[in-house]
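The structure appears right after this line, and notes come after that.
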């Protein structure tokens with residue numbers, strides 16, 4: 024992990040020096056406290072920005088980044104910086120499609136001297152809309168599409184409904200720990216999505232992806248049941 028983080032900072036520094044400035048938006052395929060610390064060090068040492076109590080640096084962390092969060096980010100980004108530049112660090116485990124569409128409005132017409140750093144796990148980053156990805160400079164997570172998927176996810180997809188119920192009865196962490204459930208759903212989507220790469224997406228895979236997206240939405244509904252959702256047939 025530390026090697027990947029160091030590589031990110033070195034790549035960011037090299038890009039900054041070669042370009043003579045920052046890109047307006049970066050995507051980092053990592054989401055750790057150490058990563059944020061490295062970023063703050065870069066801001067101080069390379070950009071000459073004070074990071075303690077600086078109103079031009081805004082950092083926030085989200086389990087699921089929704090449309091209201093995207094709108095708030097856009098509103099904050101519309102304000103001019105007090106100093107030379109404004110920095111936003113957004114860490115998220117998931118982002119909804121609606122939020123991505125709202126975020127596009129911010130990324131399509133970036134405010135001068137305003138820069139975004141999005142920190143996401145690779146599996147989540149790989150489900151970003153192509154229109155969003157095209158506006159981000161992506162650093163880290165070499166070969167993200169080829170990430171290793173948890174063996175439990177592969178087994179789960181191979182099971183029929185009856186076996187999935189048995190699996191979920193023993194997978195208490197997935198059912199009770201939202202972070203574990205989030206990771207499981209991410210890997211599940213990545214594996215299903217990998218089958219759909221190409222010009223034509225089979226209808227059954229497209230339906231599975233839609234169902235997984237619904238599952239993600241229900242995951243943050245207090246009335247939703249992970250057990251019921253995951254028992255559903257996902258091709």
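In our numbering, the protein residues as written are 24 to 258.
Quick reminder that beta carbons are idealized off the backbone N, C-alpha and C, glycines included.
- Counting of Cβ neighbours within 10 angstroms places residue 185 among the exposed residues, the total staying below 16.
- Here DSSP, grouped into helix, strand and coil, assigns residue 185 to helix.
- When secondary structure is reduced to three states using DSSP, residue 100 falls in the helix class.
- The alpha carbon of residue 150 has as its nearest neighbour, out of 63, 118, 142, the alpha carbon of 118.
- At the C-beta level, residue 137 and residue 100 come within 8 Å of one another.
- Of all C-beta pairs linking the region 108–127 to the region 66–77, three or more are shorter than 8 Å, placing the two stretches in contact.
- Residue pairing from DSSP places residue 51 in a beta bridge opposite 142, 162.
- In this structure, residue 62 sits near residue 140, with a CB-CB distance shorter than 8 Å.
- Sixteen is the threshold: since fewer than 16 other Cβ atoms of the shown chains lie within 10 Å of the Cβ of residue 102, the residue is exposed.
- About 15 Å separates the CB atoms of residue 97 and residue 135; that is not less than 8 Å, and the two are not in contact.
- In the DSSP secondary-structure assignment, residue 117 is bridged to 87.
- Here DSSP, grouped into helix, strand and coil, assigns residue 208 to helix.
- Distance check between residue 70 and each of 160, 81, 45 places 45 closest, using alpha-carbon atoms only.
- If you check the CB distance, residue 48 and residue 130 come in under 8 Å.
- For the pair residue 123 and residue 87, the Cα-to-Cα distance works out to about 12 Å.
- The straight-line gap separating the alpha-carbon atoms of residue 175 and residue 211 is approximately 9 Å.
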